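A short worksheet on the structure shown next.
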Amino acid sequence: MKNKAIGVFDSGLGGLTAVKELIKCLPNENIVYFGDTGRVPYGTRSKDTIIKYGAQDARFLLQHNVKMIIAACGTVSSVASDLGESLPVKFSGVLEPTALACANATKTGSVAVLGTSATINSHSYKKLLEKINPNIKVYEQDCPLFVPLVENGFTDKDDIIVKSVVERYVSQFKDTDVDTVILGCTHYPLLKAAIGEALGEKVKLIDSGYETAIYTKKLLEENNLLSTSETEGEREFYVSDTPHNFESVAGRFLGRNMKSTATRIDIEKY
Ligand code: DGL
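By numbering that gives the first Met the number 0, the letter at position 257 of the sequence shown is numbered 256, and the numbering carries on one by one without gaps.
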């Protein structure tokens, strides 16, 4: 059981920002990644559709005999909040670890959440943060242009288009008492430099992929499920649309040169 892979999925390649952090803190774990590139984005879709897609993504990963599944997607974690209950393996979304880190980080008690429209409309982060700390003040902002920017390679903080889109969504939090901002979508770490510059260095940015990776390590440790392998883990990548250019695009999200390519699968079969 211990040496089975961790299954990770996202609507597209954004979840690779969580894989990047997993590789750093759990280098010997095998990882199977599924990016639903044929149906991205999820963040503009209805609740029913997001629930259906999340369940199919998890069923695909279960076929790979994984020991745990991570929904490395703020949208699925927010909207399909019961997904983990139906699975026969350990499960984590990005919500709980990220909200906890945010609640611990804020000193002013004023925080903001950036996410897809589905994530923000669900108020998932706001509800959870208020449960953790009833005195916290939570501002919410959906950022529908961030995912297309990132998927199309627009991430340079000095790019005029990136700068103006980021300003448009986050400038309202500048010079307020908001001191902590959740990057509530796994695509957003690629815009971290631009968001950080727009908000100023006093504002702490919480990366949901990083927090989820740290939480995963703890969960595997507590359940005696850490890999016993002493060599670097193997990684397999699957997508639901063309794997053309996967190495270069995925390399951007993973922050390293990719050697592996991806296999295309038909997610509608699951
Ligand atoms: N990466 C997904 C998330 O974390 C968002 C992308 C999408 O809209 O599909 O919410």
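Glycine included, each C-beta is placed from N, C-alpha and C at the ideal position. These numbers come from a predicted model, not from an experiment.
Decide if residue i is buried, meaning its Cβ has at least 16 other Cβ atoms within 10 Å, or exposed.
i: Cys142; result: buried
i: Lys66; result: buried
i: Cys72; result: buried
i: Asp81; result: exposed
i: Cys101; result: buried
i: Ser170; result: exposed
i: Arg255; result: exposed
i: Pro96; result: buried
i: Asn134; result: exposed
i: Lys159; result: According to the sequence displayed, residue 159 carries Ile and not Lys. Ile159 comes out exposed.
i: Gly34; result: buried
i: Asp9; result: buried
i: Thr36; result: buried
i: Asn29; result: buried
Here's a check: name, in chain order, each residue in its chain whose Cβ is nearer than 6 Å to the Cβ of residue i, leaving out the five neighbours to either side.
i: Tyr138; result: Ala111
i: Gly13; result: Thr185 and His186
i: Tyr323; result: Because the chain here runs from 0 to 269, residue 323 falls outside it and cannot be looked at.
i: Leu219; result: Leu225
i: Ile50; result: Ala79
i: Ile69; result: Val7 and Ser91
i: Ile119; result: Glu139 and Asp141
i: Thr16; result: Thr185, Pro188, Gly208 and Phe252
Given residue i, which residues of its chain have a CB within under 8 Å of its CB, disregarding the five upstream and five downstream residues?
i: Thr175; result: Ser109
i: Thr260; result: Phe236, Pro242, Phe245 and Glu246
On the DSSP bridge assignment, give the partners of residue i in chain order.
i: Met67; result: Ile5 and Lys89
i: Val18; result: Answer is none; Val18 lacks a bridge partner.
i: Asp155; result: Partner(s): none; Asp155 has no beta bridge.
i: Leu204; result: Val180
i: Thr262; result: Tyr237
i: Val31; result: Gly6 and Glu235
i: Lys136; result: Ser109
i: Asp141; result: Gly114
Leaving out five residues on either side along the sequence, give the residues of the same chain with a beta carbon under 7 Å from the beta carbon of residue i.
i: Val165; result: Leu190, Ala193, Ile194 and Ala197
i: Lys106; result: Asp178
i: Leu99; result: Ile131
Can you find a CB in chain D that lies within less than 8 Å of the CB of residue i?
i: Thr48; result: No chain D appears in this structure, which consists of one protein chain only.
- Item | Segment contact flag, the region 182-201 with the region 220-230, C-beta cutoff 8 Å, min 3 pairs | no
- Task: Could you say if the region 178-198 and the region 146-156 meet the contact criterion of at least three C-beta pairs nearer than 8 Å?
- Result: yes
- Task: Could you tell me whether the region 153-173 touches the region 115-131, where touching means 3 or more Cβ pairs closer than 8 Å?
- Result: no
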